[in-house]
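Colleague: Here's a structure for you.
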Amino acid sequence: MTQSKKAGPRCALVTGGASGFGLAIARALLDQGARVAIGDIHAGRLQEAVKTLDSDRVLPLKLDVTSIDSVQTAVAACRSRFGIIDTLVNSAGVIQIAPIAEISEQDWDRVIDVDLKGVFLCCQAAAPLLCASGGRIVNIGSDASKLGCGMIVSYCAAKFGVVGLTKALAAELAPHQVTVNCVCPVGVSSTGMGQDVLSWKIRKAGASPQEILAATAAGIPLQRNATTEDVVNAVMFFLADSSSFLTGVALDVDGGLLSTMPLPGAAK
Ligand SMILES: NC(=O)c1ccc[n+]([C@@H]2O[C@H](COP(=O)([O-])OP(=O)(O)OC[C@H]3O[C@@H](n4cnc5c(N)ncnc54)[C@H](O)[C@@H]3O)[C@@H](O)[C@H]2O)c1
Numbered sequence: 531m532t533q534s535k536k537a538g539p540r541c542a543l544v545t546g547g548a549s550g551f552g553l554a555i556a557r558a559l560l561d562q563g564a565r566v567a568i569g570d571i572h573a574g575r576l577q578e579a580v581k582t583l584d585s586d587r588v589l590p591l592k593l594d595v596t597s598i599d600s601v602q603t604a605v606a607a608c609r610s611r612f613g614i615i616d617t618l619v620n621s622a623g624v625i626q627i628a629p630i631a632e633i634s635e636q637d638w639d640r641v642i643d644v645d646l647k648g649v650f651l652c653c654q655a656a657a658p659l660l661c662a663s664g665g666r667i668v669n670i671g672s673d674a675s676k677l678g679c680g681m682i683v684s685y686c687a688a689k690f691g692v693v694g695l696t697k698a699l700a701a702e703l704a705p706h707q708v709t710v711n712c713v714c715p716v717g718v719s720s721t722g723m724g725q726d727v728l729s730w731k732i733r734k735a736g737a738s739p740q741e742i743l744a745a746t747a748a749g750i751p752l753q754r755n756a757t758t759e760d761v762v763n764a765v766m767f768f769l770a771d772s773s774s775f776l777t778g779v780a781l782d783v784d785g786g787l788l789s790t791m792p793l794p795g796a797a798k
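First residue of the sequence shown? That's 531 in the numbering used here, and the numbers climb one at a time after it.
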């Protein structure tokens with residue numbers, strides 16, 4: 531029987547690693563002694579991220595996940611620096627908030643290219659190295675991977691696709707002892723994308739940030755908003771040695787939003 535990789539510090543590529551969840555995941559990996567490549571399209575953010583992470587185990591990579599050449603170059607750079615990649619976290623992402631009538635073909639392509647094709651290209655390029663090391667892939671989905679949500683049609687389509695890609699690739703790579711899982715968080719307002727969504731809601735509702743955040747928390751069964759730490763904890767769970775038997779899972783990080791409801795007709 532093929533054995534999964536032995537315990538030890540990881541060699542990771544984190545896309546979207548210069549900001550938000552990606553940066554926080556990179557930090558958590560570094561805290562565990564890992565060597566971490568952070569790939570991001572935004573050069574200025576990458577520079578800032580390297581400063582904040584302040585570790586000689588960080589490899590910053592200018593990466594456009596929509597470009598096969600850029601992805602292959604980044605994977606080759608990881609291999610030449612680390613020897614292997616045993617961990618891939620796909621966190622790069624963009625969103626467009628608009629009614630369907632206002633989504634141009636270019637807008638649609640951009641969201642699908644970054645959020646879905648980018649995950650495919652990175653998984654494909656890293657797969658040989660992951661197979662050689664019995665590695666792990668964690669994709670960042672969304673609550674919009676599971677529920678149709680108006681005004682973010684392209685994002686929803688891409689994020690549903692990420693769950694399908696996760697499950698199909700989990701099946702394909704299982705014989706190589708590679709696990710492929712997905713973390714599906716509800717909104718976190720402190721990251722780049724979270725700030726964009728919050729700003730849109732503020733404009734739309736004419737309400738304060740505090741009012742919006744209180745309203746979203748009230749809609750969550752556990753009565754609070756998600757944090758970056760909640761998301762990082764779920765990702766690190768899938769990367770733990772003790773999670774070696776979990777694959778093809780799309781885990782909701784949502785305070786019970788998608789899995790629970792009050793007894794119909796019962797008073798609150
Ligand atoms: N923040 C939320 O509320 C939330 C909720 C659910 C899921 N997500 C998902 O989490 C992931 C991370 O988002 P975040 O909230 O940390 O946002 P963020 O904007 O802070 O981080 C995203 C990073 O992706 C990078 N990026 C964008 N296009 C890229 C490309 N073509 N190639 C490489 N890098 C690219 C950006 O430069 C940025 O640094 C995304 O996949 C997003 O869809 C976010």
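Yeah, the Cβ is synthetic: ideal placement off N, Cα and C, and Gly gets one too. Treat the numbers as computed from the prediction; the structure is a model and nothing was measured.
Can you give the Cα-Cα distance for Leu591 and Ser621, rounded to whole angstroms?
Modeller: 14 angstroms
Colleague: So, Ile615 versus Val683, is the Cβ gap smaller than 7 angstroms?
Modeller: Contact annotation: Ile615 and Val683 have beta-carbon atoms that are not nearer than 7 angstroms.
Colleague: Measuring alpha carbon to alpha carbon, tell me which residue in Ala770, Phe775, Ser789 and Pro792 is nearest Leu559.
Modeller: Ala770
Colleague: Reducing DSSP to helix, strand and coil, say where Arg754 ends up.
Modeller: Here DSSP, grouped into helix, strand and coil, assigns Arg754 to coil.
Colleague: What are the uninterrupted segments assigned as alpha helix (DSSP H) that are 4 or more residues long and contained completely in the segment 740-797, given in chain order?
Modeller: DSSP runs (the alpha helix (DSSP H)) wholly in the segment 740-797: 758-769.
Colleague: Counting Cβ pairs closer than 8 angstroms, one from the segment 731-748 and one from the segment 788-796, do we hit at least three?
Modeller: Because the criterion of three Cβ pairs below 8 angstroms is not met, the segment 731-748 and the segment 788-796 do not touch.
Colleague: How far does the beta strand (DSSP E) with Ile642 in it extend, from its first residue to its last?
Modeller: From DSSP, Ile642 is part of no beta strand (DSSP E) but of the alpha helix (DSSP H) over Glu635 to Ile642.
Colleague: Could you tell me the alpha carbon to alpha carbon distance between Gly795 and Leu752, rounded to whole angstroms?
Modeller: 20 angstroms
Colleague: Should Lys536 go down as buried or exposed, given a rule of 16 or more other Cβ atoms within 10 Å for buried?
Modeller: Note that Lys536 has pLDDT 49, beneath the 50 cutoff, so the model's placement of it is unreliable and no number is given.
Colleague: If you check the beta carbons only, do Val708 and Leu660 fall under 7 angstroms apart?
Modeller: yes
Colleague: Are the segment 567-585 and the segment 743-750 touching, with three or more C-beta to C-beta distances below 8 angstroms?
Modeller: no
Colleague: Under the assumption that Ser675 contacts Ala780 (Cβ atoms under 8 angstroms), give the Cβ distance between them as a whole number of angstroms.
Modeller: 6 angstroms
Colleague: How is the alpha helix (DSSP H) around Thr596 delimited, first residue to last?
Modeller: Unbroken run through Thr596: none, as it is neither H nor E.
Colleague: Taking only runs of the alpha helix (DSSP H) that begin and end inside the segment 611-677, which ones reach a length of at least 4 residues, in chain order?
Modeller: 635-642 and 648-663
Colleague: Would a C-beta distance cut-off of 7 angstroms place Gly613 and Gly722 closer than the cut-off?
Modeller: no
Colleague: What does a CB cutoff of less than 6 angstroms around Val619 pick up in its chain, not counting 5 residues either side in sequence?
Modeller: Correct list, in chain order: Val544, Ile555 and Val668.
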